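Engineer:
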């Protein structure tokens, strides 16, 4: 199965870009509009392997979209932005144990306290993690994804927020984790890249990106 990576560089002058950028639910619907709506599944996002991440680079803001089907970029509004798509399969095929890589992921780092702990400390069902606690969460997730971290830099991001059609409020805290690592289990890593990591995958969390890293001696 081919895995696709699509880059969208939105034109910030476009009205729809501002609407999507301020609302994670609207951006989710925009992403889903690039794929057929007759998917034979009750979970079309998962069926299509759709993950995405918004980020700011030296080139400006961009949306990175991962999917197991090439998106129909003609479904974007005219003038929405510039786009490019390429298969990720060659990268995944080249993964091997011990290979040094760079990684990046915007993830929803959380913990779920037990009922007794929640009652004792008046905690919600899901508690966002920050600082060292978020770093510890990612270290555990990375190890479970077939990565041994060498370096780790984390940056708090604005939460992914929006309102669903059923009026339910969506809010996922996000932390950007990036650094270098060595692959310990290539097959496990391929699976985690395809499936994503953590909560909030429909709203811009959990997409793990890697690239080969040349170590300096």
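Numbering (the numbering used here), first residue to last: 1262 to 1478.
Backbone N, C-alpha and C fix where the C-beta goes; we use that ideal spot for every residue, glycine too.
Owing to the predicted nature of the structure, the values given are computational and were not obtained by experimental measurement.
#1: Judging by CA-CA distance, which residue of 1321, 1328, 1411 is the nearest neighbour of residue 1309?
#2: Whole angstroms are fine: how far does the CA of residue 1461 sit from the CA of residue 1410?
#3: With a threshold of 8 Å on Cβ separation, who are the neighbours of residue 1400 within its own chain once the five nearest residues in sequence on each side are excluded?
#4: Counting C-beta neighbours from all protein chains within 10 Å, is the total for residue 1385 16 or more, i.e. buried, or is it exposed?
#5: Are the Cβ atoms of residue 1362 and residue 1373 separated by less than 8 Å?
#6: In the DSSP output, what is residue 1398 paired with across the bridge?
#7: Across the stretch 1287-1307 and the stretch 1326-1340, are there enough close Cβ pairs to call them in contact, namely three or more that are closer than 8 Å?
#8: If we require 3 or more residues per run, which beta strand (DSSP E) segments fall completely within the stretch 1275-1313?
#9: Give the C-beta separation of residue 1420 and residue 1429 to the nearest angstrom, bearing in mind that I take them to be a contact with Cβ-Cβ under 8 Å.
#10: Roughly how many whole angstroms lie between the Cα atoms of residue 1368 and residue 1398?
Structural biologist: On the basis of the coordinates in this document:
#1: With distances taken between Cα atoms, residue 1309 lies closest to 1328.
#2: Take the alpha-carbon of residue 1410 and the one of residue 1461: they are about 23 Å apart.
#3: For residue 1400, where only same-chain residues beyond five positions count, the Cβ hits under 8 Å are 1410, 1413.
#4: Classification for residue 1385: exposed.
#5: No, the pair does not count as a contact, with Cβ atoms beyond the cut-off.
#6: Looking at the DSSP assignment, residue 1398 forms no beta bridge with any residue, so it has no partner.
#7: Counting Cβ pairs under 8 Å, three or more are found: they touch.
#8: When DSSP assignments are scanned along the stretch 1275-1313, no uninterrupted stretch of beta strand (DSSP E) that is 3 or more residues long falls wholly within it.
#9: A Cβ-Cβ distance of about 15 Å is found for the pair residue 1420 and residue 1429, leaving them out of contact under the 8 Å criterion.
#10: Distance between the alpha carbons of residue 1368 and residue 1398 is about 10 Å.
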